[in-house]
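A.B. asks: Residue numbers (our numbering): 4 to 415. Below you will find the structure I want to go over with you.
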Ligand code: HEM
């Protein structure tokens, strides 16, 4: 049996031919992973959506029930921060989600537009200065795609600006692949994140701000959230919000720099930026696969594919979004798919934000960030170009998130 190694750099850069082969085999394929475990990968558009909407696929991590009692402050912090809605099923999930959706209501998210513009403008100005002053390539992930979502999440959570560097450091530590950093550094980051959010919640209770997180702390509908739930929610928002959006910004920039015709068209007609962002989400889905699902019973997906009870399953969003049955010429980057055609039709909605009950709570915010920040970047730096061969750029290993790790850019 072929063993899939998600840390293989060639797979990380271009997993699409592999997914196309799996899609041709049937609705779901059982795959052996390099870490010795097995996963069922669902790769077609229809089946991915069906699985994500099917309550027989549970989001509760399998160890949760019998997990050994956490016996250190770091493990306790970690266990507490993991009790979030993405790790839960109805009815817990429904309640947590309803409160979060209220905090992320369109009016509240749209009101962040001017702040996002200001934050993006600050980063782009600094990037332009560095490029002009040093005359050397600058990594756009480090200078733009990574800091912007972190700053925006800081706004959402109402984190004072002085604390954002710390938050960024701890989040980076706990999100790094296993064994990449010393265990003591990771443990310390978990403990500090936990302590930081505990303090933040206390502060929001005493002096609510205008941020979305204050709204969650003070929402008493359905009993509101207890402190443990608020802690886990803050952590989820931080985590779900920054690396995904970072990958969207980096991948969209890379796509535009390698498709100058599309960039020129968006510059001529700013009404196209929304379609550019939708097509970047489809073509370079920032979340390659969903979080793990586990079958609570045997599930027959048709076509002779039966997933047994207790199996680990991933909906591969990146593969669903390249399904030729729904997206003609799926490997081409064609923003005009998402412009209304003469007869008013447009491409099928992509699954980059998931589907069903766990559909991304932050999709409006992520789209807003990209639609504000990308034109600003290309307006300020019309001569921006890649410094290097894009086929050499490394991608993050793993099945969960996908995007270039580095994006060296320069001016002519
Ligand atoms: C381009 C950026 C983003 C992408 C591609 C993305 C994608 C996704 C996907 C695919 C899911 C479902 C995962 C699953 O079913 O296992 C999800 C869930 C979620 N996302 Fe996002 N996301 C993005 C940005 C954000 C932002 C900015 C926030 C908030 C600040 C956010 C908050 C959440 C939350 C809270 C959930 C859990 C929803 C639930 O369990 O009901 N996301 N996201």
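Using N, Cα and C, we set each Cβ at its ideal position, and we do this for glycine too. Computed from a predicted model, the values in this text were never measured in an experiment.
1) Using C-beta distances below 6 Å, list every residue in its chain close to residue 260, excluding the 5 sequence neighbours before and after it, in chain order.
2) Could you check what DSSP says for residue 350 in three-state terms: helix, strand or coil?
3) Assess contact between the region 370-383 and the region 145-156, defined as three or more Cβ pairs (one per stretch) separated by less than 8 Å. Is contact present?
4) Give a single yes or no on whether residue 363 has its beta carbon closer than 6 Å to a heavy atom of ligand 1.
5) Looking at the unbroken beta strand (DSSP E) that takes in residue 303, where does it start and where does it end?
6) Taking the alpha carbon of residue 262 as the reference point, which residue from 216, 336, 86, 115 has its own alpha carbon closest?
7) Would you check if there are 3 or more beta carbon pairs closer than 8 Å linking the region 75-95 to the region 227-235?
8) Taking contact to mean at least 3 C-beta pairs separated by less than 8 Å, is the region 121-136 in contact with the region 89-100?
9) Give me the Cα-Cα distance between residue 338 and residue 248, rounded to the nearest whole angstrom.
10) In this structure, does DSSP put residue 43 in helix, strand or coil?
11) Looking at the structure shown, is residue 289 part of a helix, part of a strand, or coil, going by DSSP?
12) So, using beta-carbon positions, are residue 387 and residue 364 closer together than 7 Å?
13) Taking 6 Å as the limit between beta carbons, can you name the residues of its chain near residue 120, skipping five residues before and five after?
14) Need the endpoints of the alpha helix (DSSP H) that residue 316 sits in, please.
15) With respect to 6 Å, is the separation between the Cβ of residue 97 and the closest non-hydrogen atom of ligand 1 below this value?
16) Closest by CA to residue 175, which one among 158, 153, 165, 276?
17) Is it true that the CB of residue 173 sits closer than 7 Å to the CB of residue 198?
18) Would you check if there are 3 or more beta carbon pairs closer than 8 Å linking the region 211-231 to the region 345-361?
19) Any chance the CB of residue 109 is under 6 Å from a heavy atom of ligand 1?
20) Grouping DSSP H, G and I as helix and E and B as strand, with all else coil, what is residue 32?
21) Ends of the beta strand (DSSP E) at residue 308?
22) Would you check if the distance between the CB atom of residue 25 and the CB atom of residue 44 is smaller than 7 Å?
23) Can you check whether the CB of residue 323 is closer than 7 Å to the CB of residue 48?
24) For residue 125, count neighbouring Cβ atoms within 10 angstroms of its own Cβ and tell me buried if that reaches 16, exposed if not.
C.D. replies: On the basis of the supplied data:
1) As a position in the chain shown, residue 260 is number 257, starting the count at 1. The answer, listed in chain order, is 389.
2) Looking up residue 350 in the chain shown gives position 347. Of the three classes helix, strand and coil, the one that applies to residue 350 here is coil, per DSSP.
3) yes
4) Position 360 of the chain shown, counting from 1, holds the residue named residue 363. Result yes, Cβ under 6 Å from ligand 1.
5) On the chain shown, position 300 is the one that residue 303 refers to. Note, residue 303: beta strand (DSSP E), 302-305.
6) Within the chain shown, the letter at position 259 stands for residue 262. The candidate whose alpha carbon is nearest that of residue 262 is 336.
7) Yes: the two stretches touch, three or more of their Cβ pairs being nearer than 8 Å.
8) With the cut-off at 8 Å, the region 121-136 and the region 89-100 do not touch.
9) For the purposes of this step, residue 338 is identified with residue 335 of the chain shown, where counting begins at 1. For the purposes of this step, residue 248 is identified with residue 245 of the chain shown, where counting begins at 1. Distance between the alpha carbons of residue 338 and residue 248: 19 Å.
10) Along the chain shown, read from residue 1 onward, the residue named residue 43 stands at position 40. Three-state result, residue 43: strand.
11) Counting from 1 along the chain shown, the entry for residue 289 is found at position 286. Secondary structure at residue 289: coil, using DSSP grouped into helix, strand and coil.
12) Against the chain shown, residue 387 aligns to sequence position 384. Against the chain shown, residue 364 aligns to sequence position 361. Taking 7 Å as the Cβ cut-off, residue 387 and residue 364 do not qualify as a contacting pair.
13) For the purposes of this step, residue 120 is taken as residue 117 along the chain shown, with counting starting at 1. Excluding residues within five positions, the ones whose Cβ falls inside 6 Å are 375.
14) Position 313 of the chain shown, counting from 1, holds the residue named residue 316. Per DSSP, residue 316 lies in no alpha helix (DSSP H) segment; the continuous beta strand (DSSP E) that holds it begins and ends at 315-318.
15) Translated into positions along the chain shown, residue 97 becomes position 94. Checking every heavy atom of ligand 1 against the Cβ of residue 97, none is found closer than 6 Å.
16) For the purposes of this step, residue 175 is taken as the residue at position 172 of the chain shown. Cα-wise, what sits closest to residue 175 is 153.
17) Translated into positions along the chain shown, residue 198 becomes position 195. Translated into positions along the chain shown, residue 173 becomes position 170. Not closer than 7 Å, so no.
18) no
19) Here residue 109 refers to the residue found at position 106 of the chain shown. Because no heavy atom of ligand 1 lies under 6 Å away, the Cβ of residue 109 does not count as near it: no.
20) If you number the chain shown from 1, residue 32 lands on position 29. Three-state DSSP puts residue 32 in a strand.
21) Counting from 1 along the chain shown, the entry for residue 308 is found at position 305. Unbroken beta strand (DSSP E) run through residue 308: 308-310.
22) Within the chain shown, numbered from 1, the residue matching residue 25 stands at position 22. Within the chain shown, numbered from 1, the residue matching residue 44 stands at position 41. It is a contact, given that the beta carbons lie within the stated cut-off.
23) For the purposes of this step, residue 48 is identified with residue 45 of the chain shown, where counting begins at 1. For the purposes of this step, residue 323 is identified with residue 320 of the chain shown, where counting begins at 1. Cβ distance < 7 Å, so residue 48 and residue 323 count as in contact.
24) Residue 125 sits at position 122 when you count from the first residue of the chain shown. Classification for residue 125: exposed.
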